[in-house]
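A.B. asks: Residue numbers (our numbering): 7 to 408.
Just so it is clear, CB atoms sit at the ideal spot from N, CA and C, and this is done for glycine as well.
Note that the coordinates shown come from a computational prediction; the quantities given were computed from them, not determined experimentally.
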Amino acid sequence: MPKAIWILVIGMTINVTGASFLWPLNTIYISQELGQSLTVAGSVLMVNAAAGITGNLIGGKLFDRIGGYKTIITGVSITMASAFSLAALHHSFTAYVVLLIGLGFGAGMMVPCMYAFAGAVWPEGGRRPFNAMYVAQNVGVAAGAAIGGLLASVRFDLVFLGNGLMYLSFFILAFFFFKNLQAEGNRASTSNIFEQTQKIENQKRFQSLLLLCAGFLVCWIAYTQWASTISVHTQNLGIPLSYYSLLWTINGSMIIFFQPVIKFFIQRWVHSLKSQIYVGLSIFMVSYLILAQAEVFTAFVAAMIILTIGEMFVWPAVPTIAHQLAPQGKAGFYQGIVNSIGTGGRLIGPFFGGIMADVFGMAALFYVLAGMFSISFVMTKIFDRGVPHLQFTRTAKEKSVS
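1. Take residue 34 as the anchor and find which of 24, 389, 46, 23 has the nearest alpha-carbon.
2. Thinking just about the alpha-carbon of each residue, which of 367, 298, 389, 356 is nearest to the one in residue 280?
3. Determine the DSSP secondary structure at residue 50, reduced to helix, strand or coil.
4. Would you give the residue range spanned by the alpha helix (DSSP H) that residue 179 belongs to?
5. Excluding the 5 residues preceding and the 5 following residue 215 in the sequence, name in chain order all residues of the same chain whose CB lies nearer than 7 Å to its CB.
6. If you follow the alpha helix (DSSP H) that residue 329 is part of, which residue opens it and which one closes it?
7. Could you check which residue in 357, 369, 91, 320 has the C-alpha nearest to that of residue 383?
8. Starting from residue 397, trace the alpha helix (DSSP H) in both directions and tell me its first and last residue.
9. In or out: residue 159 buried (at least 16 other Cβ within 10 Å) or exposed?
10. What do you get for residue 13, buried or exposed, if any count of 16 or more other CB atoms within 10 angstroms of its CB means buried?
11. Whole alpha helix (DSSP H) runs in the stretch 15-95 with 4 or more residues, listed along the chain?
12. Between which two residues does the alpha helix (DSSP H) harbouring residue 368 extend?
13. Determine the direct distance from the alpha carbon of residue 275 to that of residue 398, and round the result to whole angstroms.
14. With a 10 Å radius around its C-beta and 16 neighbouring C-beta atoms as the bar for buried, classify residue 9 as buried or exposed.
15. Comparing alpha-carbon positions, which option in 25, 11, 288 lies nearest residue 123?
16. Does residue 72 get closer than 8 Å to chain C when you measure Cβ to Cβ?
17. Are the stretch 371-378 and the stretch 283-300 touching, with three or more C-beta to C-beta distances below 8 Å?
18. Could you check the C-alpha separation between residue 228 and residue 355 for me, to the nearest Å?
19. In whole angstroms, give me the CA-to-CA distance for residue 26 and residue 392.
Right, here's the structure in full:
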């Protein structure tokens, strides 16, 4: 990989590690330390997610307007200020809510810029720069959650301080090293298209993105059940909480160490981006059909292993397609939409799953989710009909020959 991608990977890892110090512990802190109900805690997290969606969209737009460097510095400054303020004011519920909004908004601004930068500095890399960012995110989640839990066991306020220090580290890295990436961001934002034919083309590209994201949203609604309804379901089955946590250890470890296997599979058999999504969706369906019958821990392990294989195909492919769909000067905006869809799925998923589980039961929820992937299949099938010349069903080698 180019040096610029390694810089972005390091930055993404530091950034997500800092964010992951706090997010697994938010509900515990709000309910146990601040004395609020679980309903209130859930509402606070929804507001935090909504701030993240807003940050995704504004950050992506700013990438195209003022460049990625200034946008990332602005986002990390907001996040860093919120984190250090939270370290001092975390005993106040009102301050906690306001500062969580700041954290969500600032962090949301940065992520689409990182993805847009990755595509800009390695345009010939295909899905590889986006896959690198995806792996970096998962390394950050695993490291941050583990370190955050360790700090919380010593003293809870250390979590907030550690959160701020990680964002400070990211600020230093971005300030000194991301400026060299600015030229690519500027080149991506200098073209203003006025021709009517180009406007029509851009509208078709945007419609294609929305269709793709509709299917992506379904994936995220299903995926978030693992962090919401499934955690409760395992407890009701008498599976220890430590065993449930092990499922996420398996997930993170596979994402890191199974990359060579996925790379071999893609190079050998699943060449095009659309076929990668089809394979991933099929694997997702199998995972949720297993969950519908799962009553012992080994069944949940099998479902998680299968789910993780599926996400390694789908998650990097979607931002890769978004990058290829984006007209000049819209790369950040398109990545902002993709990231906001993921955040929106994390916001809607627990609510949808909770209602389905309460009314119809867990097995029915999993069957419905497995069926809902058919929506994603349809969206993947039709999203590029308005832009057939982009040829998402063909391999990079075939495109270079034609």
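C.D. replies: Considering the structure as presented:
1. The shortest C-alpha separation from residue 34 is found at 46.
2. 389
3. helix
4. Segment 163-183, the alpha helix (DSSP H) holding residue 179.
5. 328, 331, 340, 343
6. 303-331
7. Selected option, being the one with the closest Cα: 320.
8. Note, residue 397: premise wrong, no alpha helix (DSSP H); not H, not E.
9. exposed
10. buried
11. 44-72, 74-95
12. That run of the alpha helix (DSSP H) goes 368-388.
13. 15 Å
14. exposed
15. Selected option, being the one with the closest Cα: 11.
16. No chain C is present in this structure, which holds just one protein chain.
17. yes
18. 7 Å
19. Rounded to the nearest whole angstrom, the CA to CA distance from residue 26 to residue 392 is 39 Å.
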